[in-house]
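First to last, the sequence lines map onto chains A and B. End of the first sequence sits at 265 in the numbering used here; the numbers just go up one at a time, nothing left out. End of the second sequence sits at 484 in the numbering used here; the numbers just go up one at a time, nothing left out. Glycine residues also receive a C-beta, built at the ideal position from the N, C-alpha and C atoms.
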Amino acid sequence: MPETTDNIFVLVIIATAAIFLMVASFILIYIRNQNKLLQQRQQLQQAALAHQKELLQVIIESQEDERVRIGRDLHDDVGAAISSLRLIIEMFKPAVADNNYQAFLKSSKNIIDKMMTDVRHISHNLSPTTLTYYGLGFAIEEQCAIINQSGKVKIAFNNEAAELLEKLSLPVSTALYRVLEELLNNTIKHARAYNAILNFTADKNVLIIEYQDDGVGMDTRLINKGIGLHNIESRLTVINAPHEITTSPGNGFFINIIYTGPIAI
Amino acid sequence: MHFLHFYERYFLSGSILIPIIIALFNYKLLGMPLKVILYFLVFSAVLQTVNMILSSQYIPNLFVFHFYAIFEFAFVSWFYSLQFKGLINKLIPPMVLTFAVLCVINFFYIQKKLEFNTYTRSLEAVIIIGYCVMFFNKQMQTNSKYKWGSLSLNWINTGLLIFYSCSFFIFMFSNYLLNANKHIITVVWSTYDTIIILENILFAIAFYKCRKQPIISLY
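Laid out in structure tokens, this is it:
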């Protein structure tokens, strides 16, 4: 057998280069495969998320429809029935119209008037007509005025996005109205705040809402536990409005909402 | 050839400092596996310095490689023991001990202090390549939410795989180099140094990536 003249060192370098190529190719193929799998998983996740969002939207829309229906029924049916009752009581003339009768008549009328006011308020809360007819800006202004009249909290409302608010579609306006209503409710019920500020500003077609109160604030770990804040999150998710909450015990509550979604023209 | 000497002496020595410096900057963000790799790099840098000093004084330095292999394998095994669970994790400590015993036997009875420890280093490379492949397999089975490149441990594993697989033949045949001519020795060791530099760069990327933690946005 002839003696080999191969240089072992040349072979070692060639073997090293070959192994490097193999390993590098293996790693590159592996990375591409892993990233592709990740992309597929993300697509599936996004599809699931979109489906959840659609379901949420349907639930919220049907809730709104139901609120409108109940509000209308209350106003039209119950309201009309109470009005008829008041009329009947007024028309009723007893044989002897003594003082007892007059007192009875007065207290009945007072109770009926209170019932009518309550029914009107409930029906208004269930389906705010101002929102439907005059838009989000007026509806919020009205709500703030009612709260300010109560004297519990002073709300400063600055609307610098009136034009943009007029262009918002009704579902978006309703969602934002419900969110702000919930925030105002939280301030009144839980925050023990004296002042709150609500700002609407517009940057081209982007609506920026900032709400702040000087109440007791809350622990951010509890944010996802409250139903009210959960509803806020759901409604904002459905209309694609990113938001950021800044709060801590003793330091008030701040939320920044940015609506970049489609504007109805 | 002069350039290769310069490359071998200074460039390689400097390259190990890059991942160490980045790691020290991000020390607070390092998890335990990355800290193990940092300790390993510091240990390697110290031994590399010792090696250079001995070599400059013409003192035989091959015994350093015998000593280094024991700790190198222990550090790398420690890193992988933090990645695996179950049977593999239980097997790692006895494997490290057995390997250390083999290194000692090899040093005293088989490949003595004037030879490279080709047997033990080749064996070490085979086991570490095995670790790397198992790590890839584990990562493939995990449904990670992040891109491959954004996870530090992937870069470390890649660095280790490239180093041990590419150096495998050099480890095996390094005793032949002892009697080879000077030019050949320089070329082969420069190739080896290039692999080490590549490994150090990949480690540096890993330490840099730990600073950029993946963020989950709340919508």
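Within chain A, the residues that residue i reaches when beta carbons sit closer than 7 Å
| i | result |
| --- | --- |
| B:TRP413 | ILE31, GLN34 and ASN35 |
| B:ASN408 | ARG41 |
| B:ILE265 | One cannot answer for residue 265 of chain B here, as it falls past the ends of chain B, which runs 266 to 484. |
Inter-residue CB distance, residue i and residue j (contact presumed, cutoff 8 Å)
| i | j | result |
| --- | --- | --- |
| A:MET218 | A:PRO171 | Not confirmed; about 29 Å, so no contact. |
| B:TYR333 | B:LEU312 | 5 Å |
| B:ASN465 | B:SER278 | Going by Cβ atoms, the distance from B:ASN465 to B:SER278 rounds to 11 Å, so no, they are not a contact pair. |
| A:PHE26 | B:ILE427 | No, A:PHE26 and B:ILE427 are not in contact; Cβ-Cβ is about 10 Å, not under 8 Å. |
| A:THR302 | A:ALA161 | For chain A, the structure presents residues 1 to 265; residue 302 of chain A sits outside this window and is missing. |
| B:LYS403 | B:PHE328 | With a Cβ gap of about 36 Å, B:LYS403 and B:PHE328 do not count as contacting. |
| A:LEU198 | A:TYR259 | With a Cβ gap of about 15 Å, A:LEU198 and A:TYR259 do not count as contacting. |
| A:TYR133 | A:LEU180 | Actually they are not in contact, since the Cβ atoms of A:TYR133 and A:LEU180 sit about 18 Å apart, beyond 8 Å. |
| A:ILE8 | B:PHE438 | 6 Å |
| B:ASN422 | B:PHE400 | 5 Å |
| B:ILE285 | B:LEU303 | 7 Å |
Own chain residues within Cβ distance below 8 Å of residue i, not counting five before or after
| i | result |
| --- | --- |
| B:ASN218 | Since the first residue shown for chain B is 266 and the last is 484, residue 218 of chain B is missing from the structure and cannot be characterised. |
| B:LYS474 | GLY414, SER415, LEU416, SER417 and TRP420 |
| A:GLY261 | VAL172, ILE239, ASN240 and ALA241 |
Enclosing beta strand (DSSP E) for residue i [first to last residue]
| i | result |
| --- | --- |
| A:ASP213 | 206-213 |
| A:HIS243 | 243-247 |
| A:ASN158 | 154-160 |
| A:THR201 | 195-203 |
| A:ILE257 | 253-259 |
Endpoints, the alpha helix (DSSP H) within which residue i is located
| i | result |
| --- | --- |
| A:ALA47 | 8-73 |
| A:VAL96 | Note, A:VAL96: premise wrong, no alpha helix (DSSP H); not H, not E. |
| A:GLY228 | 227-238 |
| B:PHE372 | No alpha helix (DSSP H) contains B:PHE372, which DSSP labels as neither H nor E. |
| B:THR385 | 383-406 |
| A:PHE138 | 136-150 |
| A:GLU181 | 170-186 |
| B:MET297 | 297-321 |
| B:ILE281 | No alpha helix (DSSP H) holds B:ILE281; DSSP gives it neither H nor E. |
| B:ILE449 | 447-474 |
| B:PHE330 | 327-346 |
| A:ARG86 | 79-91 |
| B:ASN424 | A quick correction: the sequence has Gly, not Asn, at residue 424 of chain B. From DSSP, the alpha helix (DSSP H) with B:GLY424 extends over 417-431. |
Cβ-based neighbour list, residue i, same chain, cut-off 6 Å, excluding 5 preceding and 5 following
| i | result |
| --- | --- |
| A:ILE89 | SER108 |
| A:LEU165 | GLY135, LEU136 and GLY137 |
| A:ILE257 | ILE209, ALA241 and HIS243 |
| A:ASN266 | Limits of chain A in this structure are 1 at one end and 265 at the other, which puts residue 266 of chain A out of reach. |
Within chain B, partners of residue i - CB distance below 8 Å
| i | result |
| --- | --- |
| A:PHE254 | Those do not exist, as A:PHE254 stays about 15 Å from chain B at its closest Cβ, beyond 8 Å. |
| A:ILE232 | In chain order: nothing, as chain B lies at least about 13 Å away. |
The ligand ATP heavy atom lying under 7 Å from the CB of residue i
| i | result |
| --- | --- |
| B:LEU303 | Looking for the ligand ATP in the displayed structure turns up nothing, as the structure carries no ligands at all. |
Cross-chain neighbours of residue i in chain B, by beta carbon under 7 Å
| i | result |
| --- | --- |
| A:THR16 | CYS431, PHE434, ILE435 and THR456 |
| A:VAL12 | PHE434, ILE435, PHE438 and VAL453 |
Amino acids of chain A, ordered along the chain, whose beta-carbon sits closer than 8 Å to that of residue i
| i | result |
| --- | --- |
| B:SER426 | It should be noted that the sequence gives Leu, not Ser, for residue 426 of chain B. In chain order: VAL23 and ILE27. |
Chain-order list of residues whose beta-carbon lies under 7 Å from that of residue i (same chain, five-residue window excluded)
| i | result |
| --- | --- |
| A:LEU49 | none |
| A:ALA178 | Before going further, note that residue 178 of chain A is Arg rather than Ala in the sequence given. So the qualifying residues of the chain are ARG235. |
Per-residue contacts from residue i into chain B (C-beta, under 9 Å)
| i | result |
| --- | --- |
| A:ILE197 | Correct list: empty, because the minimum Cβ distance to chain B is about 24 Å. |
Spell out a yes or no on whether the stretch 159-171 of chain A and the stretch 181-194 of chain A are touching, meaning 3 or more CB-CB pairs, one atom from each, closer than 8 Å. no
Could you run through the stretch 39-56 of chain A and flag, in chain order, every residue whose CB is less than 7 Å away from some CB of chain D? Judged by its chain identifiers, the structure shown contains no chain D, and its protein chains are A and B.
Are at least three pairs of beta-carbons, each pair with one atom in the stretch 318-326 of chain B and one in the stretch 346-353 of chain B, less than 8 Å apart? no
Taking one C-beta from the stretch 51-69 of chain A and one from the stretch 236-246 of chain A each time, how about it: are there three or more such pairs within less than 8 Å? yes
If we count Cβ pairs, one from each stretch, closer than 8 Å, do we get three or more for the stretch 190-200 of chain A versus the stretch 149-159 of chain A? yes
Does the structure place the stretch 139-149 of chain A close enough to the stretch 74-86 of chain A that three or more beta carbon pairs sit under 8 Å? no
Does the stretch 450-457 of chain B come close enough to the stretch 391-407 of chain B to have 3 or more Cβ pairs within less than 8 Å? no
Check whether the stretch 393-413 of chain B and the stretch 453-466 of chain B are in contact - that is, three or more C-beta pairs closer than 8 Å. no
Whether or not the stretch 113-128 of chain A and the stretch 64-82 of chain A are in contact is what I'm after, with contact meaning three or more pairs of Cβ atoms, one per stretch, closer than 8 Å; do they touch? yes
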